[in-house]
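A.B. asks: Note that numbering that gives the first Met the number 0 gives residue 98 to position 99 of the sequence shown, counting from 1, and the numbers run on in steps of one.
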Amino acid sequence: MNQVIENIKSRRSIRKYVDKGVPSDVIKEIIDAGRCAPSSHNSQPWRFIVIEDKKKIEELSDYIKNWFKKRLIFGKIAGLFYKKVKNEIESAKKRLFTEDDFFFYDAPLLILICSKAGRFSIQDCSLAAENMMLAGRSLGIGSCWIGFADMVVNKNRKLMAELGIPKGYKIMAHLIFGYPVKFPESAFPRNKEANVIKWIK
């Protein structure tokens, strides 16, 4: 099988990491893969914040966790009327009321992809993120894109400034990286064939 295709098919979202840092040269390779992503009109809107400080990663995770805790009460009220919301609240509680890091999973490396608002900045930064995760996999590094985190952190200008995010920029992706406890041999089931709904020849 073509090595690129094999790498794509073997990538997994990793949430268990060994206690070992990622070497600087490997981090630079991962970021360089993001830099080489395609972008609209070659605008290259991405900027990267690299966080290796475990204490800072833990503080950021705790901040996000507490942000959601404070909003649980509103979710409970909505859950009285919407079963789906109620189920989501119950699922969230399991992640929030624990000492475990259920946002960044004790990963030794967190990379934030930031950008100014632009017509295609979301798409451009998403392409960079995927490049970085695939590069990580090819180098024996696990990764995971952490949802919801950007929604929380982008609301706190003071915290953004502390993280070194330039004024006028927003976080487009929180990516965690590290050496996995193991790479799963199988993925969650995928459809046997792509869902092509029309093929025009």
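Note that CB positions come from ideal geometry on N, CA and C, so glycine has one too.
Model, not experiment: these values are computed from the prediction.
1) With distances taken from CA atoms, which of 193, 183, 200 and 195 is nearest residue 12?
2) Would you tell me roughly how many angstroms separate the C-alpha atoms of residue 115 and residue 169, rounded to the nearest one?
3) Using three-state DSSP, classify residue 169 as helix, strand or coil.
4) With DSSP run on the structure shown, which of helix, strand or coil describes residue 124?
5) So residue 176 and residue 140 are supposed to be a Cβ contact under 8 angstroms. How far apart are they, rounded?
6) Measure the Cβ-Cβ separation of residue 56 and residue 109 and say whether it is below 8 angstroms.
7) Can you look up residue 67 in the DSSP assignment and give me helix, strand or coil?
8) Just list the residues that DSSP pairs residue 142 with in beta bridges.
9) Among residues of its own chain, excluding the 5 on either side of residue 29, which ones have a beta-carbon nearer than 6 angstroms to its beta-carbon?
10) For the beta strand (DSSP E) that contains residue 46, what are its first and last residues?
11) Kindly identify the DSSP beta-bridge partner or partners of residue 111.
12) Below 8 angstroms, how does it come out for the region 57-68 and the region 141-158: are there three or more Cβ pairs, yes or no?
13) Apply the 10 Å Cβ neighbour rule to residue 0 and answer buried if 16 or more other Cβ atoms are within range, or exposed otherwise.
14) Using the three-state DSSP reduction, which class does residue 41 fall into: helix, strand or coil?
15) Counting pairs of Cβ atoms below 8 angstroms between the region 156-164 and the region 22-36, do you hit three or more?
16) Helix, strand or coil for residue 36 per DSSP?
17) Is residue 64 closer than 8 angstroms to residue 119 when the C-beta atoms are compared?
18) Is it buried or exposed, residue 146, if we count other Cβ atoms within 10 angstroms and call 16 or more buried?
19) Inspect the beta-carbon positions of residue 36 and residue 148 and report whether they are closer than 8 angstroms.
20) If you follow the alpha helix (DSSP H) that residue 161 is in, where does it begin and where does it stop?
21) Check residue 55 in the structure and name its three-state DSSP category.
C.D. replies: From the atom records:
1) 183
2) Between residue 115 and residue 169, the C-alpha separation is close to 6 angstroms.
3) strand
4) helix
5) 5 angstroms
6) The criterion of a C-beta distance shorter than 8 angstroms is satisfied by residue 56 and residue 109.
7) In this structure, residue 67 counts as helix in the three-state DSSP scheme.
8) 12 and 176, per the DSSP bridge assignment.
9) 131, 134 and 135
10) 46-50
11) 48 and 173
12) Yes, since at least three Cβ pairs between the region 57-68 and the region 141-158 fall closer than 8 angstroms, the two stretches touch.
13) exposed
14) helix
15) no
16) coil
17) no
18) exposed
19) no
20) 156-161
21) helix
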